[in-house]
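Each remark here refers to the structure printed beneath this line.
2 protein chains.
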Amino acid sequence: MIFRQLFEPESSTFTYLVACSQTRDAVLVDPVVETCERDLAVLAELGLNLAYTLDTHIHADHITAACRMRALSGCKVAYPAADALACADVHVSEERPLAVGKMLLQPVFTPGHTDTHHAYLIDEGGTPAIFTGDALLIDGCGRTDFQNGDADALYRSVRERIFTLPPETLVYPAHDYNGRRVSSVAQESARNPRLGQDVTLEQFRAIMAGLDLPYPRKIDVAVPANRECGGCPDELVAELHAQGGKSPQG
Amino acid sequence: MIFRQLFEPESSTFTYLVACSQTRDAVLVDPVVETCERDLAVLAELGLNLAYTLDTHIHADHITAACRMRALSGCKVAYPAADALACADVHVSEERPLAVGKMLLQPVFTPGHTDTHHAYLIDEGGTPAIFTGDALLIDGCGRTDFQNGDADALYRSVRERIFTLPPETLVYPAHDYNGRRVSSVAQESARNPRLGQDVTLEQFRAIMAGLDLPYPRKIDVAVPANRECGGCPDELVAELHAQGGKSPQG
Chain A
23 MIFRQLFEPE SSTFTYLVAC SQTRDAVLVD PVVETCERDL AVLAELGLNL AYTLDTHIHA
83 DHITAACRMR ALSGCKVAYP AADALACADV HVSEERPLAV GKMLLQPVFT PGHTDTHHAY
143 LIDEGGTPAI FTGDALLIDG CGRTDFQNGD ADALYRSVRE RIFTLPPETL VYPAHDYNGR
203 RVSSVAQESA RNPRLGQDVT LEQFRAIMAG LDLPYPRKID VAVPANRECG GCPDELVAEL
263 HAQGGKSPQG
Chain B
23 MIFRQLFEPE SSTFTYLVAC SQTRDAVLVD PVVETCERDL AVLAELGLNL AYTLDTHIHA
83 DHITAACRMR ALSGCKVAYP AADALACADV HVSEERPLAV GKMLLQPVFT PGHTDTHHAY
143 LIDEGGTPAI FTGDALLIDG CGRTDFQNGD ADALYRSVRE RIFTLPPETL VYPAHDYNGR
203 RVSSVAQESA RNPRLGQDVT LEQFRAIMAG LDLPYPRKID VAVPANRECG GCPDELVAEL
263 HAQGGKSPQG
């Protein structure tokens with residue numbers, strides 16, 4: 023397995039590159055439109071073929087690079103089937119994991135930040151790793167006050183679907199705002215101040231209800247764009263066609 | 023590869039179990055005498071054969087389980103060759119890595135906490151991982167005020183030998199006092215408050231000189247015992263022989 027943790031500083035988003043070292047097929051988890059070209063350069067440098075983009079959920083804080091990646095590379099766009107996005111080529115679910123080369127990314131339904139959020143577990147013989155999206159962050163979690171967010175659902179998702187994984191399982195979140203990069207199930211279940219072992223559901227509800235966060239700056243642009251897989255503008259598609267680039271359908 | 027991160031709460035020490043999934047041979051990095059039986063139970067549960075114990079350095083805060091493990095399991099005791107311990111069966115160095123089944127643990131000479139300290143790098147096809155001992159802790163580092171500690175040497179060790187590894191390399195320290203479990207080269211090189219990118223050698227010297235730490239509680243017992251690989255008492259050896267257990271020479 024080939025692995026890279028890439029960072030987009032404006033939205034503090036981690037994009038994960040995971041590739042099969044045998045077939046050279048790659049997937050980008052949660053790619054960001056602003057760093058699309060950077061990510062493609064990393065793929066080229068590593069000699070990898072981008073097979074898929076894969077998002078954990080409909081983001082409100084940045085625009086996915088899914089559609090743009092498809093236009094530029096010919097990859098397929100994968101999304102949780104629960105999002106029912108017409109723009110997606112592949113619809114994953116717990117029953118329909120994503121095969122990338124000889125690897126499998128196993129979707130784990132983890133609603134609460136959004137009602138269709140999925141984490142992705144990869145367990146290829148070494149230490150397992152889970153891309154937790156905005157469900158579980160290092161010492162934190164995603165907010166639950168928009169996009170059908172639900173604190174009770176998030177508490178159950180993290181406690182019942184993530185903290186029940188083997189303790190060494192590596193936790194790779196979709197964001198960190200303090201330069202942290204990786205955690206583990208053992209670490210988060212022991213000391214996450216919102217969702218760790220000492221926090222009851224009632225306490226978690228109170229924490230989330232009391233956050234008093236500002237209205238997300240980009241939500242009114244990002245959510246509609248992401249419901250179109252990043253809303254690759256017609257002009258880009260036309261321009262790429264004129265240049266002899268691949269069509270947005272791959 | 024099979025991997026477990028085990029914790030000894032009194033000295034807040036992590037013991038790492040690493041095993042070859044093909045041969046079932048295992049090594050325990052920095053085992054602690056108090057948790058010897060617990061670790062052996064984990065090995066038995068996983069159906070593993072303990073081939074070696076391996077210490078990163080002569081610890082001052084706990085007694086290694088090396089000699090006791092050898093008496094109880096027949097494993098071999100591995101130590102940095104630079105420690106020149108007569109009690110060790112195997113003497114590792116950068117030129118003499120440790121083969122465990124089909125895996126290789128690569129010693130990385132990282133003096134500064136002690137003058138013979140070694141970290142161990144494992145790079146078996148997935149994301150590399152380094153057991154950093156007391157050279158590099160999460161958001162910290164080992165003290166440099168005894169056992170020929172040397173702040174300048176530690177700064178160079180971490181900056182030149184650990185932070186030059188691929189950024190995704192997982193950092194598994196020998197201790198954490200706050201429930202943290204894992205970091206990465208990217209995380210520590212960016213934000214370690216003692217050794218991260220913004221800290222100059224002069225600043226690091228000043229930080230380490232100003233720590234004003236108490237005299238280590240166990241040092242006068244632990245260091246002499248650890249210079250005998252944990253100093254397995256004759257009574258234990260005799261008792262094990264009487265019970266038909268393996269000899270301390272394996």
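Those protein sequence lines, which keep their order, are chains A and B. Heads up, the first sequence is in our numbering, so the first residue is 23 and it goes up one at a time. Heads up, the second sequence is in our numbering, so the first residue is 23 and it goes up one at a time. A virtual CB, placed ideally from N, CA and C, is assigned to each residue, including glycine. A quick note: this is a predicted structure, and the numbers were derived from the prediction, not measured.
#1: How about A/PRO215: is its Cβ closer than 7 Å to a heavy atom in the ligand ATP?
#2: In the DSSP assignment, find the unbroken beta strand (DSSP E) run with A/TYR194 in it and report its ends.
#3: How long is the line joining the alpha carbons of B/ILE229 and A/PRO31, rounded to whole angstroms?
#4: With respect to the alpha helix (DSSP H) encompassing B/ILE24, which residues constitute its N-terminal and C-terminal limits?
#5: Under 8 Å between the Cβ atoms of A/CYS48 and A/LEU65?
#6: Quick check on A/PRO129: buried or exposed, where buried means 16 or more other Cβ atoms within 10 Å of its Cβ?
#7: Around the Cβ of B/CYS254, are there at least 16 other Cβ atoms within 10 angstroms (buried) or fewer (exposed)?
#8: Near B/PHE226, which residues of its chain fall below 7 Å by C-beta distance, leaving aside the five closest residues on each side in sequence?
#9: Over what stretch of residues does the alpha helix (DSSP H) that includes A/ILE152 continue unbroken?
#10: Is the distance from the Cβ of A/ALA157 to the Cβ of A/GLY164 below 8 Å?
#11: List, in order along the chain, the chain A residues whose C-beta lies closer than 7 Å to that of B/ARG26?
#12: First and last residue of the beta strand (DSSP E) that includes B/ALA106?
#13: Is it true that the CB of A/ALA82 sits closer than 8 Å to the CB of A/LYS240?
#14: Ignore the nearest five residues each way along the sequence and tell me which others in B/PRO195's own chain have a CB closer than 7 Å to its CB.
#15: Please list, in chain order, the chain A residues whose beta carbon lies closer than 8 Å to that of B/MET23.
#16: Rounding to the nearest angstrom, what Cα-Cα distance links B/ASP234 and B/VAL54 in this structure?
#17: Check the Cβ-Cβ distances between B/VAL204 and every residue of chain A, and say whether any is below 8 Å.
#18: Could you work out which residues of chain E lie near A/GLN209, taking near to mean beta carbons separated by less than 8 Å?
#19: From what residue to what residue does the beta strand (DSSP E) around B/TYR74 run?
#20: If you reduce the DSSP assignment to three classes, tell me which class A/ALA82 lands in.
#21: Since A/ARG213 meets chain B, which of its residues come closer than 7 Å, beta carbon to beta carbon?
#22: Can you confirm whether B/SER33, when its beta carbon is compared against all beta carbons of chain A, has any partner nearer than 8 Å?
#23: Note down, in chain order, all residues in the segment 39-51 of chain B with a beta-carbon under 9 Å from any beta-carbon belonging to chain A.
#24: So for B/ARG178, helix, strand or coil by DSSP?
The short version:
#1: Ligands are entirely absent from the displayed structure, and the ligand ATP is therefore not among its contents.
#2: Unbroken beta strand (DSSP E) run through A/TYR194: 192-195.
#3: CA-to-CA, the gap between B/ILE229 and A/PRO31 works out to about 30 Å.
#4: Careful: B/ILE24 lies outside any alpha helix (DSSP H), inside the beta strand (DSSP E) at 24-30.
#5: It should be pointed out that residue 48 of chain A corresponds to Ala in this sequence rather than to Cys. Contact flag set, yes.
#6: Under this definition A/PRO129 is a buried residue.
#7: Here B/CYS254 is buried: its Cβ has 16 or more other Cβ atoms, across all protein chains shown, within 10 Å.
#8: Spatial neighbours of B/PHE226 in its own chain (CB-CB distance under 7 Å, excluding positions within 5 residues in sequence) are listed in chain order as ALA173, TYR177, ARG216, LEU217.
#9: That residue, A/ILE152, is in no alpha helix (DSSP H); its beta strand (DSSP E) goes 151-155.
#10: Closer than 8 Å, so yes.
#11: Residues of chain A with a Cβ closer than 7 Å to the Cβ of B/ARG26 are, in chain order, GLU190.
#12: Neither: B/ALA106 is in no beta strand (DSSP E) and is coded neither H nor E.
#13: For the 8 Å CB-CB criterion, A/LYS240 and A/ALA82 form a contact.
#14: When the five nearest sequence neighbours on each side are left out, the beta carbons in the same chain lying within less than 7 Å of the beta carbon of B/PRO195 are those of PHE36, THR154, LEU158, LEU159, ILE160, in order along the chain.
#15: The contact set of B/MET23 on chain A, defined by CB atoms closer than 8 Å, consists of GLY147, GLY148, THR149 in chain order.
#16: If I take the Cα positions, the gap works out to 27 Å.
#17: For B/VAL204, the answer is yes, since a Cβ of chain A falls inside 8 Å of its Cβ.
#18: The structure shown contains no chain E; its protein chains are A and B.
#19: Going by DSSP, B/TYR74 is part of the beta strand (DSSP E) stretching over 71-76.
#20: Correct three-state label for A/ALA82: coil.
#21: Chain-ordered, the chain B residues with CB closer than 7 Å to the CB of A/ARG213 read GLY201.
#22: No, no contact with chain A.
#23: For the segment 39-51 of chain B, which is checked against every Cβ of chain A, the residues closer than 9 Å are SER43.
#24: Reduced to three states, the DSSP call for B/ARG178 is helix.
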